[in-house]
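Peer 1: First the structure, then my questions, so here it is.
In this note's numbering, the protein residues as written are -9 to 327.
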């Protein structure tokens, strides 16, 4: 609803209130009014107010908005006096035309001005207050929408930056795995390249602003783990234990891959036994844990910074991703919505 609609509704409400006020005075026995008093005075006041609203009030109010607060209040205050006198003159326009005795008109307008000047001024201030309130609410609404749009643009920019970091980081590590196998086992290297191409295709065509299902994300992780399994063979074990009810939940695309990659890269450091990676669901979260090298500064790596920032953008919370040590296990926990 625009501001004109608001002011018009309030003017009609004032007209109805005036009629009720006249009725209350008559019921109390203080004055007896004719039927014309109930129609002419409120009707004339309503039409005059609407006329001045469009002719003067809104244009002057809009014009005053270009000035600072003090100057604007001064302009509207001076105009308020002018508005009140014009309102009184218009209310007595017909008496000027039809009055046979001009002195009667002068006396009538004087009495009306004395009796009603404060009411007209209050009506004027009431309209100004409504216009100010609407202006304030509209400014806040526009500011909120502008801020929201800026946040969306900023988030989009952040995600594109994160995506540009993730792709070369993943590609470098994956190709290193292929190089390690290409001389010893060409067929395995070919399988790895096929999986790498599938992962890169998904990465390049994925809109990081659009979440995917847990099932889709797991399909990607299985391809990645198959690449690393070919490379490490019996030195890498993994298990996926995700409940069926979690499969349709939404998650940022390619959010698990850096966690698994980080687990392998840092988990094998000084490790004298096979590395085990477990991906499981827990209440409303996904846990990726490994029993490799104890947690140190792993969370400072680019991949995990990406995860933390992307989950914050996705969930709108700073603690939507956690990494911590639990006895022999390094725990990565992603909280879903």
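For glycine and all other residues, C-beta sits at the position ideal for the given N, C-alpha and C.
Measuring alpha carbon to alpha carbon, tell me which of 255, 73, 267 ends up nearest residue 166.
Peer 2: Closest by alpha carbon: 255.
Peer 1: Please name the residue, chosen from 239, 57, 232, that lies closest to residue 278 on a Cα-to-Cα basis.
Peer 2: When each option's Cα is compared against that of residue 278, the closest is 232.
Peer 1: Whole angstroms is fine: what's the gap from residue 121's alpha carbon to residue 0's?
Peer 2: Roughly 11 Å separates the two Cα atoms.
Peer 1: I believe residue 189 touches residue 213 by the beta-carbon criterion, under 8 Å. Please report the beta-carbon distance rounded to the nearest angstrom.
Peer 2: The pair is a contact, with the Cβ atoms about 6 Å apart (cut-off 8 Å).
Peer 1: Within its chain, find whatever has a CB closer than 6 Å to the CB of residue 267; leave out the 5 residues flanking it on each side and keep chain order.
Peer 2: Answer for residue 267: 228, 253, 280, listed in chain order.
Peer 1: Quick one: residues in its chain with C-beta nearer than 8 Å to the C-beta of residue 275, no 5 flanking neighbours on either side, listed in chain order?
Peer 2: Same-chain partners within the cutoff: 323, 324, 325, 326.
Peer 1: At what residues does the beta strand (DSSP E) containing residue 224 begin and finish?
Peer 2: Neither: residue 224 is in no beta strand (DSSP E) and is coded neither H nor E.
Peer 1: Excluding five sequence neighbours on each side, which residues of the same chain lie with their C-beta closer than 8 Å to the C-beta of residue 310?
Peer 2: These residues qualify, in order along the chain: 301, 302, 304, 324, 325.
Peer 1: In whole angstroms, what is the alpha-carbon distance linking residue 42 and residue 62?
Peer 2: Distance between the alpha carbons of residue 42 and residue 62 is about 19 Å.
Peer 1: So for residue 340, helix, strand or coil by DSSP?
Peer 2: Limits of the chain in this structure are -9 at one end and 327 at the other, which puts residue 340 out of reach.
Peer 1: Tell me which residues share the same chain as residue 353 and place their Cβ nearer than 6 Å to its Cβ, disregarding the 5 neighbours each side in the sequence.
Peer 2: An answer regarding residue 353 cannot be provided, because it is not within the stretch -9 to 327 covered by the chain.
Peer 1: Quick check on DSSP: helix, strand or coil for residue 240?
Peer 2: In this structure, residue 240 counts as strand in the three-state DSSP scheme.
Peer 1: What is the DSSP secondary structure of residue 245, reduced to helix, strand or coil?
Peer 2: The answer is coil: DSSP assigns residue 245 none of H, G, I, E or B.
Peer 1: Could you tell me if residue 185 is buried or exposed, where buried requires 16 or more neighbouring beta carbons within 10 angstroms of its beta carbon?
Peer 2: Looking at its Cβ environment, which holds 16 or more other Cβ atoms inside 10 Å, residue 185 is buried.
Peer 1: Residue 49: which of 59, 282, 73, 60 sits nearest, CA to CA?
Peer 2: The residue with the shortest Cα to Cα distance from residue 49 is 73.
Peer 1: Roughly how many angstroms lie between the CA atoms of residue 75 and residue 44, to the nearest whole one?
Peer 2: So the alpha carbons of these two residues sit roughly 17 Å apart.
Peer 1: Put residue 200 into one of helix, strand or coil per three-state DSSP.
Peer 2: It is coil, neither helix nor strand.
Peer 1: Grouping DSSP H, G and I as helix and E and B as strand, with all else coil, what is residue 258?
Peer 2: Three-state result, residue 258: coil.
Peer 1: Rounding to the nearest angstrom, what Cα-Cα distance links residue 6 and residue 67 in this structure?
Peer 2: Answer to the nearest angstrom: the Cα atoms are 27 Å apart.
Peer 1: Could you tell me which of 273, 202, 264 sits nearest to residue 241, measuring between CA atoms?
Peer 2: For the residues 273, 202, 264, the minimum Cα distance to residue 241 belongs to 202.
Peer 1: Does the beta-carbon of residue 38 have 16 or more other beta-carbons within 10 angstroms, so that it is buried, or is it exposed?
Peer 2: Buried: at least 16 other Cβ atoms inside 10 Å.
Peer 1: Could you please give the first and the last residue of the uninterrupted alpha helix (DSSP H) stretch that includes residue 180?
Peer 2: Per DSSP, residue 180 belongs to the alpha helix (DSSP H) from 176 to 195.
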